[in-house]
Each structure stands twice: as C-alpha cells, then as structure tokens.
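Student: Sequential numbering from 129 applies to the sequence shown in the numbering used here.
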Amino acid sequence: MPTVTALRDAPRGRVAVELDGAPWRVLPIDVVVRTGISEGRALDRPALRDLRRELRRAEALHVAGRALRHHDLSRRRLAERLERAAVAPTVAAESLAALERAGLVDDRRVTASRARALAERGYGDEAIRYRLLAEGLAEALVLEALAELEPERERAGPLIERRGTGPRTARDLAGRGFGEEAVEAAPGARFGQDG
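1) Buried or exposed: which applies to L206, given that a residue is buried once 16 or more other Cβ atoms fall within 10 Å of its Cβ?
2) Pop quiz: G168 and I157 are said to be a contact at Cβ under 8 angstroms. What is the actual Cβ separation, rounded to whole angstroms?
3) Between the C-alpha atoms of D200 and A314, what's the straight-line distance to the nearest angstrom?
4) Please return the same chain residues whose Cβ sits closer than 7 angstroms to the Cβ of T239, not counting the five positions on each side in sequence.
5) Just to confirm my understanding: we take D322, look at its own chain, exclude 5 residues before and 5 after, and list those with CB closer than 8 angstroms. What are they?
6) Give the straight-line distance between the Cα atoms of A262 and E308, rounded to the nearest whole angstrom.
7) So A188 and V215 are supposed to be a Cβ contact under 8 angstroms. How far apart are they, rounded?
8) Quick one: what's A138 bridged to in DSSP?
9) Rounded to whole angstroms, how far is the Cβ of E282 from the Cβ of G252, which I believe are closer than 8 angstroms?
10) Which class does R324 belong to by DSSP, given the choice of helix, strand or coil?
11) Could you compute how far the alpha carbon of R290 sits from the alpha carbon of V233?
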C-alpha cells in the first residue's frame, strides 16, 4: 500500500505529494487538509475515495468561484454552470449549499440587484418581472424586489421628458413593460406638469 513520504509547498495554494519517495500529485491545500493526508499516512482505498470526492468538490467550488468572480449569479444560473462543467449533481448540490451558507450565493440579493439594474436601464415592472422569472428567480423574491423599486410612473417620467409625449412614446413604454398608468402619461400633458 503506497505511503505518503513527503508534502512540499507548491505555488498557488497547492501541495506536492510524494508517495514512497517519488512525486505523485500536486493537490489543493484544502483537499490535503480535509482528507488528512500527512507524511506517513497510507493511501488505502477508503483514503483514495475520500481524496476523489474532495477533489470533485474542490473542482466544483473552483468552477463556481470563477463564475462568481465577475458578477453575482442566482442559484439556478450557477447550477447550470456546474452542470455544463460536468460536475456530478450531488457534488454540485453540496457546493451550492456551501456557497449559500457562506453568503456567496444569495438569490434575494441577486433579485434585488438585478431588478434595480433593469429599472435603471428603463424597464417597467412587467418586463423586469418576466426577465427575473426567466432567470429562475422565485416569484416571491421578484415581487419583493419590485416593491422596493421607485414607482413606475416616476421611473417613466425621465423617459417621457427625453422622448416627448405622444403615441410613439406610449408604445415604447408599453414595449418596455411599463404598466397602463405610466403608458397613459405619455400621450397627455408633459409628465409632472399641469396642463
């Protein structure tokens, strides 16, 4: 049975492992710690199974970390990334749960942030709702995020000011998912002014 004879520091948080005096593998340090690999330890079948499981988990977390590095993702979007990376479903579920416990995956935060971003880009509530539901976010979270936004009529005001009143602006607002009250403001008097 092979025995660990040396552990050496390697670049980027990794450890070079020697078995029976010969180089074997370079492993992430967290995998070495979680599996209890140490000098003098024999790598029997159970130890190798633990090592494989921890390597799969580390790879899943690495894939998730790369995906989250540039922007927040919903649980569903991150699960899709893990699936595309051929991460086993059980390992993906464990990784997602760990990331949620750590606060790195938070659908409430993603929903609120995404709703604000879409509102700032000139979308009405119905378009925001549609897009967030299409991203797999829970309807309760979507409704909560919409309730936190500035009212549609107020958000439509700058668009009406910029484009002017009239049927074309009304059609544009409707096409961007604004409700009836905001759309009806376009054909009438200039938004926010009397007469």
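Think of the CB as a built atom: it goes at the ideal place given N, C-alpha and C, for glycine as much as any other residue. All figures in this text were calculated on a predicted structure; none of them were measured in a lab.
Tutor: Reading off the structure:
1) buried
2) At roughly 18 angstroms, the Cβ-Cβ gap does not stay under 8 angstroms, so G168 and I157 are not in contact.
3) 35 angstroms
4) L260, L265, L269, V270, A273
5) Caution is warranted here: a pLDDT of 43 is assigned to D322, below 50, making its placement in the model unreliable, and no coordinate value can be reported.
6) 23 angstroms
7) 5 angstroms
8) R142
9) Actually they do not touch by this definition, with Cβ atoms about 12 angstroms apart.
10) Residue coverage of the chain in this structure runs from 129 to 323, which leaves residue 324 outside it and unanswerable.
11) 38 angstroms
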